[in-house]
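Have a look at the structure below, then the notes.
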Amino acid sequence: MTMKKAIYFLSLTIGIVFIALGVIPAIFAYPYSDEPNSGPASFWELILIISYEQWILFLIVGLILSLFPALKLRKT
Numbered sequence: 005m006t007m008k009k010a011i012y013f014l015s016l017t018i019g020i021v022f023i024a025l026g027v028i029p030a031i032f033a034y035p036y037s038d039e040p041n042s043g044p045a046s047f048w049e050l051i052l053i054i055s056y057e058q059w060i061l062f063l064i065v066g067l068i069l070s071l072f073p074a075l076k077l078r079k080t
């Protein structure tokens, strides 16, 4: 029983992180750089760029992972 709860908690936690990554583009502006072949200047800019490119995927996976434990616990 405790293994199930640990898996549900881990799924919920990962889901919340993915939802947060999916919401980042709505809050922060895209890190703009006008130089050719320039990459992110910091780890935060890398997170922003990745979240801008994959925000729909992050939201969908995050919602599924967050709702899965709630639906499973409700059934039992």
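The number in the working numbering is simply the position in the sequence shown, starting from 1, with 4 added. Heads up, the beta-carbon is just placed ideally off N, CA and C, and yes, glycines get one too.
- C-alpha of Lys8 to C-alpha of Leu25: approximately 26 Å in a straight line.
- For Ser46, no alpha helix (DSSP H) encloses it, and the DSSP letter there is neither H nor E.
- Taking all protein chains in view, the Cβ of Ser37 is surrounded by fewer than 16 other Cβ atoms within 10 Å, so the residue is classified as exposed.
- In this structure, the beta-carbon distance from Ile53 to Pro40 does not fall below 9 Å.
- Distance from Pro29 to Tyr56 at the Cβ level is roughly 5 Å; contact confirmed, criterion being Cβ atoms closer than 8 Å.
- For the pair Leu50 and Leu61, the Cα-to-Cα distance works out to about 17 Å.
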